[in-house]
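Chains as they are written, first to last, in the working numbering: chain A, 24 to 404; chain B, 3 to 881; chain C, 18 to 260. In this text, a Cβ means the ideal position worked out from N, Cα and C, and glycines have one as well. None of these values were measured; they are calculated from a predicted model.
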């Protein structure tokens with residue numbers, strides 16, 4: 024599921040298309056408001072076959088799409104950082120006809136970039152939004168490249184390595200991330216179904232282990248770093264329902280060469296969406312699809328944000344009984360909360376975690392990233 | 003203070019009438035100054051507010067010197083190091099009305115407008131429309147109440163998203179929403195090149211700054227919407243920047259180096275400054291005129307005090323004998339002036355504030371007509387102006403009290419120990435004053451010469467001042483001369499008239515001060531009338547000669563939207579083919595900054611101008627030849643004011659900040675033009691399109707075939723435009739009328755100023771005559787005792803006032819003639835660079851004289867009555 | 018201005034007014050007229066002197082010179098030992114304000130002030146305290162018998178009343194020297210007699226030297242000394258026979 028923070032934007036777009044349109048203009052807008060069936064966007068429905076490297080690139084037919092990198096970096100002297108670099112593309116309702124203006128907008132692009140300084144216990148975050156006018160932001164459809172101002176992610180000339188640039192007021196990243204495994208396709212039949220209903224789904228894959236090196240500029244220091252990254256790419260046109268309260272999402276990279284991805288969609292009534300799912304990726308890249316019944320997530324502590332008042336779980340126990348996998352996740356820094364102003368103030372927690380536990384009784388450890396949404400009490404996305 | 007209270011204040015309060023007259027005189031002078039300054043200050047402050055509101059928290063602005071620049075510069079500006087945030091802006095003024103654009107609604111509104119508003123369609127609201135990218139607005143905080151709430155207010159975010167995603171949507175200020183009774187979901191129509199465009203209101207903006215600027219007539223649309231609706235695709239008017247404050251200068255320099263010449267990087271306050279410079283001449287002129295009332299008021303104060311000194315002479319002598327020192331005497335009298343000044347100023351500030359409400363409309367309209375400044379209806383009190391006004395009132399009183407105070411101080415303690423007549427301290431040195439006056443006039447002539455040869459604009463005012471001072475000094479001589487000249491007439495009218503006239507001769511010092519005051523008022527009145535009359539006739543002649551098109555066509559709202567107006571090319575092509583149309587001239591203009599001053603560049607069809615227009619060129623140059631050369635070589639012609647201001651003559655090369663970069667063009671000719679004092683550069687439409695990469699057309703002029711009917715061509719053209727597009731198609735004659743109407747409007751405020759100056763002078767007549775009558779109580783008693791009837795006494799005083807009026811008017815006519823030459827040949831020429839053909843309508847002299855005599859007689863009524871009843875009775879009892 | 022100086026009648030004290038061969042000429046038309054012709058005169062402190070003579074005899078000029086209102090062409094004028102020609106206009110004015118009281122033929126009360134205020138005026142010319150000045154004026158008005166008209170405006174008074182107010186004004190600041198210029202010239206004989214009496218008695222009570230110019234023999238009779246002038250010269254100087 025990951026990272027549907029941009030879902031909030033989609034929802035907003037829906038209300039733009041529906042409500043609030045002045046009466047005299049309504050007839051002109053009618054086609055756009057005629058409902059799901061007439062949606063101009065492609066729905067994620069099975070079967071779907073991914074083609075790489077094409078599918079790294081943009082899919083403007085779908086309403087929302089994001090490219091999400093997280094990772095753990097370390098300098099030669101052992102200073103540890105977590106990072107996040109994300110690009111979102113959100114298709115707006117197709118209300119504007121072809122226009123002479125370069126600013127007539129069909130998609131919005133967002134970037135989020137965050138840096139966790141584990142030793143210093145510090146977390147910095149930057150976000151921005153632009154429309155893809157005059158080349159200020161955009162995503163290519165043929166060859167993978169997505170950018171916004173000076174931040175970008177793209178496939179290098181070798182067709183394999185991902186080149187990442189993030190420029191934020193307080194830090195900058197310049198990384199090369201080389202996937203060590205083939206893309207892990209989540210869900211079934213190329214489709215990750217989020218909730219009941221045709222098209223309430225996405226095409227979702229991850230590059231779960233990417234050898235990463237490059238440089239990091241923070242607080243006036245320019246540091247050489249190496250580490251491991253995780254990339255998610257997801258596109259679809261569906262949305263969650265009003266009964267959904269938010270979600271908890273976890274990615275874990277274990278030292279034994281396996282990775283785990285789990286997410287639980289929380290319903291407002293306190294239950295968990297039955298279609299919540301996960302994937303276990305073996306050392307050789309094989310993916311085991313995990314259904315709701317195959318895993319359990321237990322929060323072990325709480326952390327309350329002084330900034331937003333949101334009350335988050337902090338520290339978890341993940342359990343995949345079929346694999347005899349029992350993992351404890353602890354955030355490296357407790358405050359890794361983001362307030363995405365450019366997204367209209369969406370609030371979420373996305374942070375690096377340390378992982379310890381057992382696999383078939385043997386000790387195992389690793390690193391992870393956790394995403395928590397819907398804890399502010401207001402609209403979940 | 004006790005002395006002052008006992009000796010001065012008590013007298014002032016015992017003579018409430020006279021004190022009030024004097025205070026009122028000062029008050030009017032102060033009021034006029036304050037009103038003018040407040041009004042023009044408010045107009046500018048309104049402008050500066052608008053600039054601030056639309057700039058938000060920008061601390062640097064990239065803006066086009068002309069009508070927009072290529073939007074592809076935006077990414078480069080945004081990526082410039084040191085730029086923290088960059089917001090692209092399209093800014094357009096447009097006429098708007100509430101409601102949709104349905105034909106029925108428009109027709110109803112048009113009907114409500116009355117016959118002449120046929121093309122108005124009810125579009126009465128001028129909106130400043132900002133085309134913004136809501137996505138990058140947050141750092142500028144201009145759309146939302148404050149930073150903290152901006153990002154998280156779902157309503158605001160939703161509004162922004164709607165502007166973004168939906169075409170033809172608009173956000174308006176709370177003020178405008180209330181005024182137009184609009185809310186989210188309602189429709190508002192704007193005129194784009196005459197075509198009504200309905201826009202859906204999706205958000206009401208609460209930001210405080212926006213409510214105040216332009217009276218809240220501000221609306222926000224998405225950048226794309228602005229470019230689509232106003233046909234500005236590819237162009238931005240501005241990019242607002244937030245840059246690192248510490249690096250602002252270096253960022254500014256780096257940006258300027260990167261950008262083409264017609265794009266400037268300014269501080270947000272820069273534009274306000276430019277506008278201030280632009281209207282400096284206008285507001286300086288008004289301020290100078292407002293001083294006339296102050297000037298007249300000084301005469302009034304001077305006379306009041308001087309006469310009081312004469313009346314108090316005996317008491318001053320007693321006080322001196324009792325032990326009051328000279329400086330104490332002087333201080334007491336200066337103190338009295340101070341009291342008058344303070345009271346007058348206080349009242350003046352109040353009056354000024356009231357007058358300013360009226361002046362604001364007139365000043366604002368003129369600034370809008372002449373300089374395209376959006377006008378404001380919000381008067382704001384500005385401490386500096388109020389303090390300045392008070393200072394002027396007090397200073398003028400003190401200055402006018404200097405002589406009387408000195409005279410009082412020099413009252414010898416012994417002179418009055420015996421009963422004596424009320425004598426002037428010294429007989430007036432009439433000859434010496436006269437020669438000084440002639441000296442002042444000579445100095446004025448010298449200044450006039452100096453001003454025209456060195457172009458020192460302020461010299462014109464100094465020159466005018468010395469003319470007035472010179473004639474003031476000639477007033478005593480003129481008073482005596484007038485008495486002498488009218489003597490036979492007086493004799494014919496009876497003994498009482500002769501007595502009255504002679505009384506004036508006896509009190510020439512006082513009388514001549516009143517005459518001087520009247521002279522100043524009448525002089526300015528005459529001068530302005532002659533100047534405005536000459537100017538009007540010149541403009542009229544110019545329109546008749548130069549504007550030869552038969553029908554002038556512009557979209558409704560063109561005046562508001564200016565450069566954001568573009569007529570469809572197919573309409574122009576179709577107009578050319580209309581039966582009866584011989585030729586179509588096109589117009590496109592843009593403001594530019596030339597040598598740091600505002601100027602206009604205009605593209606018209608030189609071929610049409612050559613074949614059918616009749617532009618009059620300086621030095622009688624052959625228009626057809628000049629225009630042919632300009633067409634052939636891509637040259638330009640410039641207006642007289644442009645040539646004057648920038649010292650350009652035919653054959654010179656001037657460098658224009660064109661869109662394609664700085665371009666040198668040859669000046670082929672200089673032509674007479676009175677449409678703008680900023681100056682304009684005219685070029686062939688094709689040259690304009692090349693230099694400014696802009697071939698849009700704002701307005702048209704149709705030249706008809708001989709015999710074609712203006713009405714039928716006009717109807718045919720309007721039919722061509724279709725029922726939707728609102729066009730003003732003005733026949734030549736009506737256009738001429740409209741130009742003259744605007745012209746007359748411009749001078750409305752001038753007349754108001756002069757009216758007040760005349761009023762102050764008349765106050766002087768009343769006050770002086772009353773004092774003179776009281777002073778002559780004994781003489782009046784003797785006359786009555788010798789059998790003079792009340793009517794005769796009354797006529798005697800009226801003869802005095804009539805003679806005062808006559809003398810003031812006569813001297814004023816002469817002074818006015820001289821002043822009008824100064825205004826036309828010196829001030830006008832230097833400030834505006836206009837050649838105004840001096841024409842004299844002798845009627846004005848008769849009118850001014852008659853007006854002054856009648857007003858003076860009216861002013862004399864009360865003193866005459868006083869003399870005939872109360873004074874006479876008292877005097878007879880006393881004898 | 019101290020009490021000692023005022024009351025001192027010791028022989029060592031300088032004369033209240035002394036003229037030493039004072040000449041003063043005026044141009045009358047084209048003729049030079051000697052208003053005073055080498056006049057020498059000394060008036061002791063506390064003395065009540067009347068100067069008599071016909072119009073134009075020079076008696077008023079003498080008074081003006083004493084007041085520092087006019088300046089001698091030659092000779093010296095001393096007031097309480099101070100030579101006046103050495104003083105500038107301000108010093109002369111302050112001398113008048115502090116040491117001289119004046120009474121005029123035409124009273125010269127200021128019309129805008131009440132009677133009491135007129136009396137208090139000399140005290141205020143030197144920035145005195147208004148309340149104290151008015152209190153002192155009230156006392157003086159009592160002495161001249163005008164208490165009942167204190168708040169009246171001068172034009173409502175009779176001539177005799179006006180002159181009594183003027184006498185009060187002349188004495189209000191306790192001057193050493195009171196100069197009276199024809200104080201009876203505008204009064205009927207009864208009022209005239211009252212005024213001269215008042216000048217004599219009050220002058221004596223306040224220890225002031227009084228110099229009165231008059232052409233009325235009758236009035237002069239009250240004085241302790243009568244100086245008679247004619248054509249700018251002193252032609253007689255007699256001690257009056259005590260009545």
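Residues sharing a beta bridge with residue i, DSSP
i                      : result
residue 387 of chain A : A:380
residue 197 of chain B : B:194
CB-CB length for residue i against residue j, believed under 8 Å
i                      : j                      : result
residue 169 of chain A : residue 162 of chain A : 4 Å
residue 350 of chain B : residue 33 of chain B  : 5 Å
residue 232 of chain C : residue 72 of chain C  : 7 Å
residue 274 of chain A : residue 253 of chain A : 5 Å
residue 804 of chain B : residue 524 of chain B : Not really, about 15 Å apart at Cβ, beyond 8 Å.
residue 396 of chain B : residue 241 of chain B : That pair is no contact at about 49 Å.
residue 491 of chain B : residue 807 of chain B : Not a contact, Cβ separation roughly 14 Å.
residue 839 of chain B : residue 539 of chain B : 7 Å
residue 200 of chain C : residue 225 of chain C : Residue 200 of chain C to residue 225 of chain C, Cβ: 14 Å. No contact.
residue 692 of chain B : residue 546 of chain B : Residue 692 of chain B to residue 546 of chain B, Cβ: 33 Å. No contact.
residue 67 of chain A  : residue 260 of chain A : 7 Å
Contact under 7 Å by Cβ, residue i with residue j
i                      : j                      : result
residue 441 of chain B : residue 453 of chain B : no
residue 567 of chain B : residue 700 of chain B : yes
residue 197 of chain C : residue 246 of chain C : no
residue 680 of chain B : residue 601 of chain B : yes
residue 825 of chain B : residue 446 of chain B : no
residue 388 of chain A : residue 278 of chain A : yes
residue 197 of chain A : residue 188 of chain A : yes
residue 399 of chain A : residue 296 of chain A : no
residue 187 of chain C : residue 163 of chain C : no
residue 398 of chain B : residue 298 of chain B : no
First and last residue of the uninterrupted alpha helix (DSSP H) at residue i
i                      : result
residue 212 of chain B : 210-214
residue 515 of chain B : 510-548
residue 177 of chain C : 176-188
residue 749 of chain B : 734-777
Residue i - containing beta strand (DSSP E), residue span
i                      : result
residue 76 of chain B  : No beta strand (DSSP E) holds residue 76 of chain B; the alpha helix (DSSP H) holding it covers 75-80.
residue 491 of chain B : Residue 491 of chain B -> not in any beta strand (DSSP E); alpha helix (DSSP H) instead, spanning 489-495.
residue 41 of chain C  : 34-45
_Cβ pair count under 8 Å reaching 3, the region 267-282 of chain A against the region 333-352 of chain A_ = yes
_Stretch pair the region 114-131 of chain C + the region 8-25 of chain B: three plus CB contacts closer than 8 Å_ = yes
*Per the contact definition of three or more C-beta pairs closer than 8 Å, is the region 307-320 of chain B in contact with the region 69-85 of chain B?*
no
_So, does the region 550-561 of chain B touch the region 844-857 of chain B, judging by three or more C-beta pairs under 8 Å?_
no
*Taking one C-beta from the region 37-45 of chain B and one from the region 361-372 of chain B each time, how about it: are there three or more such pairs within less than 8 Å?*
yes
*Do the region 12-31 of chain B and the region 226-233 of chain B make contact, defined as three or more Cβ pairs closer than 8 Å?*
no
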